[in-house]
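Participant:
In my numbering, the protein residues as written are 1071 to 1407.
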């Protein structure tokens, strides 16, 4: 039986946290991100992990940084054998990791060394990867760079979105975490683990609002992957570039990729037959099934077409300025230079 301090904030960590609470290990406390302040100086509801801890009256701490002397003093009082980290939102320094006898393990939502960083599930789906998974590492101060202790893989369903995939991966990660804890119990601070190949590292940076802008010069399959990958935030959107009027921002709530070939340029409406709003891409077409004009409610395509009088030949495209080169999504290993 190990004395464990859990570190986590978001829903991805909840299944592992509940499993640890039900295990023979002693979970001493939770460290989580500080509560967010919303508009109007309102405090956000407790994070998913904090809500679980409060269910069982577990001590909860939310230091601004886990690497400060004040946070270290809190951790020393628990004399933990192990830190279990998942979806926490902070990087532990070497000094922080030394405060647990066996250091820390981290559950990450990708097949490391692919997609190190904040949004691994989203970028795997964006890049059209056929499979993904979870990895448990023995932590080092390098972001997601420690030796691999356990891995579980799964195919990415061609029609699931990032919300559903992340939920599946969160459940899939429970047993690899328990297996990794067993390794540490058996071998101490130096369990057997596979070093990550630095040549295979790809990054999964944090998502930005502009990532949701639909680039119609990509293929229908790529645009559909983008739409699935960026749910629930930043979502996907485009602008109707209207003649003689301001561009109208349209949030795309639901779309369907079509293999049919259009006889017009990417980003142009090719058909409005039978109430379907079909847009050309570089290869194939996209049916925009549910859209939300800026400041309005969500509409089915037929209702939007009737209300706004859109016809074939209308053009969609970018309107808001896009940030610099670092806003480009990371390449998958097969497409890296």
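By construction, the Cβ of each residue, glycine as well, lies at the ideal position given by its N, Cα and C atoms.
Between which two residues does the alpha helix (DSSP H) containing residue 1039 stretch?
Facilitator: Residue 1039 is absent from the model: the chain starts at 1071 and stops at 1407.
Participant: What residues match up with residue 1385 in a beta bridge as DSSP calls it?
Facilitator: Position 315 of the chain shown, counted from the start, is the residue given in the question as residue 1385. Note: residue 1385 sits in a beta bridge opposite 1338.
Participant: Going by CA-CA distance only, name the one from 1092, 1159, 1109, 1075 that's closest to residue 1129.
Facilitator: Locating residue 1129 in the chain shown gives position 59, where the first residue counts as 1. Closest option to residue 1129, Cα to Cα, is 1075.
Participant: According to the Cβ coordinates, are residue 1202 and residue 1182 closer than 7 Å?
Facilitator: Numbered from 1 along the chain shown, position 132 holds the residue referred to as residue 1202. Numbered from 1 along the chain shown, position 112 holds the residue referred to as residue 1182. No.
Participant: Considering only the alpha carbon of each residue, which of 1375, 1309, 1383 lies closest to residue 1334?
Facilitator: Position 264 of the chain shown, counted from the first residue, corresponds to residue 1334. Checking every option, the nearest Cα to that of residue 1334 belongs to 1383.
Participant: Does the region 1302-1319 come close enough to the region 1213-1225 to have 3 or more Cβ pairs within less than 8 Å?
Facilitator: no
Participant: Is there contact between the region 1277-1296 and the region 1120-1127, where contact requires at least three CB pairs shorter than 8 Å?
Facilitator: Result no; under three Cβ-Cβ pairs closer than 8 Å.
Participant: Measure the Cβ-Cβ separation of residue 1134 and residue 1105 and say whether it is below 7 Å.
Facilitator: What you label residue 1134 is simply residue 64 of the chain shown in a count that begins at 1. What you label residue 1105 is simply residue 35 of the chain shown in a count that begins at 1. Going by C-beta atoms, residue 1134 is not nearer than 7 Å to residue 1105.
Participant: Could you check where the beta strand (DSSP E) with residue 1222 kicks off and where it finishes?
Facilitator: Taking the chain shown and counting its residues from 1, one reaches residue 1222 at position 152. First-last of the beta strand (DSSP E) with residue 1222: 1218-1225.
Participant: If we call anything under 7 Å between Cβ atoms a contact, is residue 1387 one with residue 1354?
Facilitator: Translated into positions along the chain shown, residue 1387 becomes position 317. Translated into positions along the chain shown, residue 1354 becomes position 284. No. Outside cutoff.
Participant: What span of residues does the alpha helix (DSSP H) with residue 1291 cover, start to end?
Facilitator: As a first step, residue 1291 is located in the chain shown; it is residue number 221 there, counting from the start. For residue 1291, the enclosing alpha helix (DSSP H) covers residues 1290-1299.
Participant: Please name the residue, chosen from 1116, 1314, 1090, 1194, that lies closest to residue 1155 on a Cα-to-Cα basis.
Facilitator: Residue numbering aside, residue 1155 sits at position 85 when the chain shown is read from its first letter. When each option's Cα is compared against that of residue 1155, the closest is 1090.
Participant: One question on the structure: do residue 1243 and residue 1086 come within less than 7 Å of each other, judged by their Cβ atoms?
Facilitator: Against the chain shown, residue 1243 aligns to sequence position 173. Against the chain shown, residue 1086 aligns to sequence position 16. It is a contact, given that the beta carbons lie within the stated cut-off.
Participant: Ignoring anything shorter than 4 residues or poking outside the region 1089-1135, list the alpha helix (DSSP H) runs there in chain order.
Facilitator: 1118-1125
Participant: In angstroms, rounded to a whole number, what distance separates the CA positions of residue 1199 and residue 1263?
Facilitator: Your numbering for residue 1199 matches position 129 in the chain shown. Your numbering for residue 1263 matches position 193 in the chain shown. Near 25 Å, if we compare the C-alpha coordinates of residue 1263 and residue 1199.
Participant: Just checking my contact of residue 1306 with residue 1322 at CB under 8 Å: how many whole Å lie between their CB atoms?
Facilitator: Position 236 of the chain shown, counted from the start, is the residue given in the question as residue 1306. Position 252 of the chain shown, counted from the start, is the residue given in the question as residue 1322. At roughly 5 Å, the Cβ-Cβ gap stays under 8 Å, so residue 1306 and residue 1322 are in contact.
Participant: So what does DSSP say about residue 1248, is it helix, strand or coil?
Facilitator: Position 178 of the chain shown holds residue 1248. Three-state result, residue 1248: helix.
Participant: Take residue 1117 and list the residues in its own chain whose beta-carbon comes closer than 8 Å to its own, dropping the five residues that flank it on each side.
Facilitator: On the chain shown, position 47 is the one that residue 1117 refers to. Contacts found: 1079, 1080, 1102, 1103, 1105.
Participant: In the DSSP assignment, the beta strand (DSSP E) including residue 1241 goes from what residue to what residue?
Facilitator: In the chain shown, residue 1241 corresponds to position 171, counting from 1. Per DSSP, residue 1241 belongs to no beta strand (DSSP E); it is in the alpha helix (DSSP H), 1232-1242.
Participant: So if DSSP puts residue 1310 in a beta bridge, which residue, or which two residues, is it bridged to?
Facilitator: What you label residue 1310 is simply residue 240 of the chain shown in a count that begins at 1. In the DSSP assignment, residue 1310 forms a beta bridge with 1318, 1386.
Participant: Note down the Cα distance separating residue 1073 from residue 1186, rounded to an integer number of angstroms.
Facilitator: If you number the chain shown from 1, residue 1073 lands on position 3. If you number the chain shown from 1, residue 1186 lands on position 116. If I take the Cα positions, the gap works out to 28 Å.
Participant: How would you label residue 1268, buried or exposed, when you count the other beta carbons within 10 angstroms and need 16 or more for buried?
Facilitator: Residue numbering aside, residue 1268 sits at position 198 when the chain shown is read from its first letter. Exposed.
Participant: Where does residue 1139 fall in DSSP's three states?
Facilitator: Residue mapping note: residue 1139 aligns to position 69 of the chain shown, counting from 1. Three-state DSSP puts residue 1139 in a helix.
Participant: Ends of the beta strand (DSSP E) at residue 1077?
Facilitator: Walking along the chain shown from the start, residue 1077 turns up at place 7. DSSP places residue 1077 in the uninterrupted beta strand (DSSP E) bounded by 1073-1078.
Participant: Label residue 1246 either buried or exposed according to how many other C-beta atoms from any shown protein chain fall within 10 Å of its C-beta, with 16 as the threshold for buried.
Facilitator: Residue mapping note: residue 1246 aligns to position 176 of the chain shown, counting from 1. That one is buried.
Participant: Grab the span of the alpha helix (DSSP H) containing residue 1165 for me, first residue to last.
Facilitator: Taking the first residue of the chain shown as 1, we reach residue 1165 at position 95. Unbroken alpha helix (DSSP H) run through residue 1165: 1164-1167.
Participant: May I ask you to report which of helix, strand or coil DSSP gives residue 1186?
Facilitator: To locate residue 1186, count along the chain shown from 1; it is residue 116. Three-state result, residue 1186: strand.
Participant: Compute the distance between the beta-carbons of residue 1408 and residue 1211, then report whether it is under 7 Å.
Facilitator: Here the chain covers residues 1071 to 1407 and nothing more, so residue 1408 does not appear.
Participant: Tell me which same chain residues have a C-beta within less than 7 Å of the C-beta of residue 1071, skipping the five on either side of it?
Facilitator: Within the chain shown, residue 1071 is the residue found at index 1, counting from 1. Here the set comprises 1094, 1095, 1096.
Participant: In terms of alpha-carbon separation, which member of 1119, 1112, 1092, 1100 lies closest to residue 1084?
Facilitator: Within the chain shown, residue 1084 is the residue found at index 14, counting from 1. When each option's Cα is compared against that of residue 1084, the closest is 1119.
Participant: For residue 1274, which beta-bridge partners are listed by DSSP?
Facilitator: Counting from 1 along the chain shown, the entry for residue 1274 is found at position 204. Note: residue 1274 sits in a beta bridge opposite 1187.
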